[in-house]
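K.L.:
Below is one structure. I have some questions about it.
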Amino acid sequence: MTTVPALDTERFLTPQQREIAQLQRMRGRACLEPAEADALAALHDSLLPGTGSADEATLLLTRSVSRDLEIPEYYRYTCLHVYGWFLDFFPDDPVAGALLALHTTLTDLLELERAAWVAGTEPECGDERIKRLDHATVTVRATVVNHLLQVRIGDLVDRAAADPELARRTALLAECTRFPRSDRHEENVFLRSVQCCETLFFLIRRLSVETAANRDEFPARAAARLETAVVCAGLLNDVFSILRTMTPEGFMTFRDFTGAASAVQSLNYHTMEISLYGYDPRKTEVFKNVDHLEVLNDEGVRAHRPLSAALASTADQRLKKSWAELDRSMAKWRGGHYRFARTYLPSDTPASGGTDGAAYVKRFVKKDACVAGADPFGGLPLLSGFLYR
Numbered sequence: 228m229t230t231v232p233a234l235d236t237e238r239f240l241t242p243q244q245r246e247i248a249q250l251q252r253m254r255g256r257a258c259l260e261p262a263e264a265d266a267l268a269a270l271h272d273s274l275l276p277g278t279g280s281a282d283e284a285t286l287l288l289t290r291s292v293s294r295d296l297e298i299p300e301y302y303r304y305t306c307l308h309v310y311g312w313f314l315d316f317f318p319d320d321p322v323a324g325a326l327l328a329l330h331t332t333l334t335d336l337l338e339l340e341r342a343a344w345v346a347g348t349e350p351e352c353g354d355e356r357i358k359r360l361d362h363a364t365v366t367v368r369a370t371v372v373n374h375l376l377q378v379r380i381g382d383l384v385d386r387a388a389a390d391p392e393l394a395r396r397t398a399l400l401a402e403c404t405r406f407p408r409s410d411r412h413e414e415n416v417f418l419r420s421v422q423c424c425e426t427l428f429f430l431i432r433r434l435s436v437e438t439a440a441n442r443d444e445f446p447a448r449a450a451a452r453l454e455t456a457v458v459c460a461g462l463l464n465d466v467f468s469i470l471r472t473m474t475p476e477g478f479m480t481f482r483d484f485t486g487a488a489s490a491v492q493s494l495n496y497h498t499m500e501i502s503l504y505g506y507d508p509r510k511t512e513v514f515k516n517v518d519h520l521e522v523l524n525d526e527g528v529r530a531h532r533p534l535s536a537a538l539a540s541t542a543d544q545r546l547k548k549s550w551a552e553l554d555r556s557m558a559k560w561r562g563g564h565y566r567f568a569r570t571y572l573p574s575d576t577p578a579s580g581g582t583d584g585a586a587y588v589k590r591f592v593k594k595d596a597c598v599a600g601a602d603p604f605g606g607l608p609l610l611s612g613f614l615y616r
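Here it is, written out as structure tokens:
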């Protein structure tokens, strides 16, 4: 597996922290020896709040192997705690922070793929993958986050390079989330794609909530936020196009290493769908059977008035047009998700979350069963933040 440090991230780690990262990355986290996993877990848990330590980077590098924390398998795999930590730096503008995190993730994968291409270890599809990654990265850089001042994410990327603290956080985000379970090169593409999707799920949900909150008093701002959500939905489809450069055979080389980590467990995914379309009663049992998803059965969440309902009778042509584009892009993404599951998972292979794979995904492609609540504040603040466990 190619382990060239992307974005010069290692310069922000101490020698011990570099060893911690390399140990987990060398063979993949699933291949750690029991004694190695025990040592990393003990190190993390000795640094938990209350121990008097402020070793931030070490905590970020080792949280996923903690024994003291109850962390669902999906969140051990995806390292979303690091994204949560990164977004804490942007309390007043989480959308800009999340787009910067997305850019960092895509760029890190792009640098890894380019290094593999130069080394001759890139799969046959490598040139096409690099082109698609380039396209997605350019799209993120061009995304406007402040319409009044015409500030784009590219401007924030440039600022990060000149701001020591933001440069450190951006580098640590890349370094502390690049932990596949195996040593198979293709798992990097899969893991980074999942992390990008999680960031985009949050962005679409957050932008949907902001659109609904601003549409009456600040229609221009609402329209701008919704247009950004449309860009994010397009990026979701771009991420799937990157993922599809991996062959089904390439997927199966590492699939067993991912264990019980399943997107069925994703809070950001389910809450995004609720913010767009409302509560889906077909998922009641799904939420009930996954401990950290039970909160999504709460009355407040069920009562949430989704964006589809908020804009159903709007006379604002800009909002109407953008909602139609967003809905179309999300339908395309759900169809792509179904086709991915059908193509990449053999018919007799259950999905990692214990579902029946493609058949499970297919049940939720259409949103006709979703029930729109009447409370625009229902489920808040849960539905407005970046979620992980």
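Numbering (the working numbering), first residue to last: 228 to 616. Backbone N, C-alpha and C fix where the C-beta goes; we use that ideal spot for every residue, glycine too.
1. Which same chain residues end up closer than 8 Å to D602 when comparing Cβ atoms and leaving out the 5 residues on each side of it in sequence?
2. Residues bridged to V378 by DSSP?
3. For L534 versus L572, is the C-beta spacing smaller than 7 Å?
4. Taking the alpha carbon of L270 as the point to measure from, which residue in I298, E500 and Q244 has its own alpha carbon closest?
5. If we count the other Cβ atoms within 10 Å of its Cβ and call it buried at 16 or more, is V457 buried or exposed?
6. Give me the Cα-Cα distance between D320 and G606, rounded to the nearest whole angstrom.
7. Across the region 365 to 376 and the region 450 to 469, are there enough close Cβ pairs to call them in contact, namely three or more that are closer than 8 Å?
8. How long is the line joining the alpha carbons of M228 and R545, rounded to whole angstroms?
9. Measure the beta-carbon distance from G600 to Y506 and round it to whole angstroms, keeping in mind my assumption that it falls under 8 Å.
10. For V598, which beta-bridge partners are listed by DSSP?
11. Can you tell me whether H362 is buried or exposed, with buried defined as 16 or more other CB within 10 angstroms of its CB?
12. Relative to the C-alpha of K515, which candidate in Q492, M499 and E500 has its C-alpha closest?
13. Is the Cβ-Cβ distance between R396 and F316 less than 7 Å?
14. So is H271 in contact with chain C if we call contact Cβ pairs under 7 Å?
15. Going by C-alpha distance, which of T289, A387, A266 and R471 is nearest A323?
16. Roughly how many whole angstroms lie between the Cα atoms of V598 and H497?
17. Decide if G347 is buried, meaning its Cβ has at least 16 other Cβ atoms within 10 Å, or exposed.
18. With distance defined between alpha-carbon atoms, name the residue in G612, L259, W312 and L470 nearest to A284.
19. Determine whether the beta carbon atoms of A328 and T426 lie at a separation below 7 Å.
20. Is it the case that the Cβ atoms of I247 and L274 are separated by a distance below 7 Å?
21. For the alpha helix (DSSP H) that Y310 lies in, which residues bound it at each end?
22. Bridge partners of R531, per DSSP?
23. For W560, which residues from the same chain have a beta carbon less than 8 Å from its beta carbon, with the 5 sequence-adjacent residues on both sides left out?
24. Hey, how far is the Cα of G486 from the Cα of D443?
25. For A558, which option in L376, L337, P475 and K594 has the closest C-alpha, if you only look at C-alpha atoms?
26. On the criterion of 16 or more Cβ atoms from any shown chain inside 10 Å, does Q422 qualify as buried, or is it exposed?
27. I need the DSSP call for K593, collapsed to helix, strand or coil.
28. Counting C-beta neighbours from all protein chains within 10 Å, is the total for F445 16 or more, i.e. buried, or is it exposed?
29. Beta-carbon within less than 6 Å of E414's beta-carbon, same chain only, minus the 5 sequence neighbours each way: which residues are those?
30. Distance, Cα to Cα, F613 vs V292?
31. Among residues of its own chain, excluding the 5 on either side of L250, which ones have a beta-carbon nearer than 8 Å to its beta-carbon?
32. Quick one: grab the DSSP three-state call for P350.
33. Would you report the Cα separation of T236 and D265, rounded to the nearest angstrom?
34. Which residue's Cα is closest to the Cα of P608: V522, H564, T541 and D554?
P.N.:
Let me spell this out:
1. G527, A530, H531 and R532
2. N373
3. no
4. Cα-wise, what sits closest to L270 is Q244.
5. buried
6. Cα to Cα, D320 sits roughly 20 Å from G606.
7. yes
8. At M228 the pLDDT is 45, less than 50, meaning the model places this residue with poor confidence; the figure from the coordinates comes in the next sentence. Whole-angstrom Cα-Cα distance: 47 Å.
9. 7 Å
10. Y506
11. exposed
12. Q492
13. yes
14. Looking at the structure shown, chain C is missing, and only one protein chain is on hand.
15. A387
16. 14 Å
17. So G347 ends up on the exposed side.
18. W312
19. yes
20. Between I247 and L274, the C-beta spacing is not below 7 Å.
21. L307 to L314
22. In the sequence as presented, Arg is not what sits at residue 531; that position holds His. DSSP, once it has assigned bridges, lists D602 as partnering H531.
23. A460, L463, N464 and F467
24. Going from the Cα of G486 to the Cα of D443 covers about 47 Å.
25. K594
26. buried
27. Residue state, collapsed to three classes: coil.
28. exposed
29. P407 and F481
30. Going from the Cα of F613 to the Cα of V292 covers about 21 Å.
31. L259, E263 and L267
32. Reduced to three states, the DSSP call for P350 is coil.
33. Spanning the two alpha carbons is a distance of roughly 26 Å.
34. V522
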